[in-house]
Amino acid sequence: MIEQTEIYSEQTVLVGLITREQNEQQAKEYLSELAFLAETAGAIPVKKFFQRLDYPHPKTFVGQGKLEEIKNYIIDNEEIGMIVFDDELTPAQLKNIEDALQIKVLDRTNLILDIFAKRAQTAHAKTQVELAQYQYLLPRLTRMWTHLERQRGGIGMRGPGEAQIETDRRIILTKISLLKEELKAIDKQKASQRKNRGKMVRVALVGYTNVGKSTLMNLLSKSDVFAENKLFATLDTTVRKVIIDNLPFLLTDTVGFIRKLPHHLVESFKSTLDEVREADLLVHVVDISHPNFEEQYEIVNKTLIDINKEEKPTIVVFNKTDAFTYTPKAEDDLTPLTKENISLAELEQTWMAKMHDNCIFISAKNRTNIDALRSLFYGKVKEIHITRFPYNDFLYQNYTEEDFD
Numbered sequence: 204m205i206e207q208t209e210i211y212s213e214q215t216v217l218v219g220l221i222t223r224e225q226n227e228q229q230a231k232e233y234l235s236e237l238a239f240l241a242e243t244a245g246a247i248p249v250k251k252f253f254q255r256l257d258y259p260h261p262k263t264f265v266g267q268g269k270l271e272e273i274k275n276y277i278i279d280n281e282e283i284g285m286i287v288f289d290d291e292l293t294p295a296q297l298k299n300i301e302d303a304l305q306i307k308v309l310d311r312t313n314l315i316l317d318i319f320a321k322r323a324q325t326a327h328a329k330t331q332v333e334l335a336q337y338q339y340l341l342p343r344l345t346r347m348w349t350h351l352e353r354q355r356g357g358i359g360m361r362g363p364g365e366a367q368i369e370t371d372r373r374i375i376l377t378k379i380s381l382l383k384e385e386l387k388a389i390d391k392q393k394a395s396q397r398k399n400r401g402k403m404v405r406v407a408l409v410g411y412t413n414v415g416k417s418t419l420m421n422l423l424s425k426s427d428v429f430a431e432n433k434l435f436a437t438l439d440t441t442v443r444k445v446i447i448d449n450l451p452f453l454l455t456d457t458v459g460f461i462r463k464l465p466h467h468l469v470e471s472f473k474s475t476l477d478e479v480r481e482a483d484l485l486v487h488v489v490d491i492s493h494p495n496f497e498e499q500y501e502i503v504n505k506t507l508i509d510i511n512k513e514e515k516p517t518i519v520v521f522n523k524t525d526a527f528t529y530t531p532k533a534e535d536d537l538t539p540l541t542k543e544n545i546s547l548a549e550l551e552q553t554w555m556a557k558m559h560d561n562c563i564f565i566s567a568k569n570r571t572n573i574d575a576l577r578s579l580f581y582g583k584v585k586e587i588h589i590t591r592f593p594y595n596d597f598l599y600q601n602y603t604e605e606d607f608d
């Protein structure tokens with residue numbers, strides 16, 4: 204497996220753009236998310252740089268003036284060991300920026316891949332991440348071999364540049380082919396496991412990363428899935444049998460989505476996404492306390508459409524009501540109402556009217572409204588169960604006191 208990028212405790216600089224498609228507020232929010240990604244990987248963000256451009260500079264992502272400003276800051280702060288850009292850089296951009304700044308340069312994709320490599324626990328997840336890493340690395344080999352230009356000539360040292368790059372390219376292509384075959388075998392095994400799960404409704408937890416899916420999984424299934432206040436705490440798909448009242452069903456915890464999720468990872472995590480494709484019911488978990496929860500909600504919905512064109516029954520669970528805050532407007536304040544002025548009660552009324560009985564507001568951490576959540580689950584799962592398996596009995600008969608009178 205490719206080694207993880209060693210960025211633990213490194214001080215880092217973050218760079219983002221304000222463009223026609225990405226306004227200043229969005230750029231700041233996205234760079235805050237990039238800072239969280241960097242912290243999850245073990246780095247320490249110390250400075251953020253923004254620039255207004257219609258589109259990224261084709262050679263250096265930012266303009267020459269901004270690049271010079273960043274360079275001077277790095278020279279003045281020698282402890283900074285890395286710079287991270289909030290977009291995927293082209294191989295040419297990576298090389299040009301490294302040449303100009305003489306510092307380690309990562310882009311958003313590389314940072315996410317590093318976190319995935321760090322978080323992967325099972326052989327399956329490690330194989331998926333390794334494939335994505337090699338696919339990312341392949342077009343960037345030239346940049347990685349620039350050190351060969353400084354090697355001496357002589358016996359055994361002739362033609363180390365392009366010849367070595369071509370050799371490595373063949374090795375990586377062979378490795379990618381082998382990993383794809385390995386994942387095909389794993390996918391078949393996973394598909395077989397899904398077929399052998401019996402006649403039970405499948406429910407999949409989906410949502411943006413760090414919204415509380417694993418905490419909710421632990422609460423409903425009484426299991427001990429790893430949960431942490433960091434991005435991508437869960438990579439491996441976890442399936443647990445859950446029984447509510449007299450009704451059993453299978454609950455799956457999936458990897459969280461994120462803005463600009465690298466397409467290499469989407470391809471690699473096919474078997475994980477198959478759990479979403481084959482689910483009978485989706486539970487979309489949303490962090491209601493996040494300032495831009497609506498955008499996260501839309502990002503997940505768009506990703507789900509890309510994964511699976513078929514529309515599935517969905518429950519929206521607004522989690523983290525315990526962390527929700529808002530700023531009440533004063534009676535004499537005549538300025539326009541903003542989303543920061545909307546209370547939780549108003550949000551509940553709005554979304555309940557929009558989603559009818561397909562959404563609920565809870566706090567998995569404080570176990571607020573969990574009984575109502577279980578009732579909602581029971582009703583939706585039972586409806587699917589009766590339709591799909593009309594002659595299949597439930598796990599056990601639900602007896603009441605009247606049955607014994």
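As numbered in my numbering, residues 204 to 608 make up the sequence shown, in order. Ideal Cβ positions, reconstructed from N, Cα and C, are used throughout, including at glycine. Everything numeric in this text was worked out from a predicted model, so none of it was measured.
Just so you know, the alpha carbons of Asp317 and Val520 end up roughly 30 Å apart.
In this structure, the beta-carbon distance from Ile273 to Phe252 falls below 7 Å. A buried status is given to Tyr411, since no fewer than 16 other beta-carbon atoms sit within 10 Å of its beta-carbon. Counting of Cβ neighbours within 10 angstroms places Asp456 among the buried residues, the total reaching 16 or more. Only buried fits Ser566, as 16 or more other CB atoms lie within 10 angstroms of its CB. Judged by beta-carbon spacing, Leu484 lies within the 7 Å limit of Lys583, meaning their Cβ atoms are closer than that value.
Within the DSSP secondary-structure output, Met285 pairs in a beta bridge with Thr215 and Lys307.
Taking a 10 Å sphere around the C-beta of Ile518, we find 16 or more other C-beta atoms and assign the residue as buried. For Thr441, the enclosing beta strand (DSSP E) has its first and last residue at Thr441 to Ile447. Residue burial is scored here from C-beta neighbours: Ser380 has fewer than 16 other C-beta atoms within 10 angstroms and is therefore classed as exposed. Ala575 and Thr553 have their alpha carbons spaced roughly 19 Å apart.
Only exposed fits Thr538, as fewer than 16 other CB atoms lie within 10 angstroms of its CB. Approximately 10 Å separates the beta-carbon atoms of Val486 and Asn522; this is outside 8 Å, ruling out the contact.
The stretch 300 to 308 and the stretch 264 to 278 touch, with no fewer than 3 CB-CB distances between them shorter than 8 Å. Contact between Leu341 and Asp289 fails: their C-beta atoms lie close to 23 Å from each other, not under 8 Å.
Along the stretch 502 to 550, the beta strand (DSSP E) occurs as fully enclosed runs of 3 or more residues at 517 to 522, listed in sequence order. No Cβ-Cβ contact shorter than 7 Å links Phe264 with Ile447.
Secondary structure at Pro342: helix, using DSSP grouped into helix, strand and coil.
Annotated three-state conformation of His487 is strand, per DSSP.
Taking Ser235 as reference, the option from Val409, Glu513, Leu468 and Pro494 with the minimal CA-CA separation is Pro494.
In the three-state scheme derived from DSSP, where H, G and I count as helix and E and B as strand, Leu408 is classed as strand. Note on geometry: alpha-carbon atoms of Thr524 and Lys532 lie some 20 Å from one another. Note: Asp456 is bridge-paired with Leu408 and Thr441 in the DSSP secondary-structure output.
Leu450 sits in a strand when the DSSP states are folded into three classes. Fully contained in the stretch 239 to 276 are the following beta strand (DSSP E) runs of length 3 or more, in chain order: 247 to 255.
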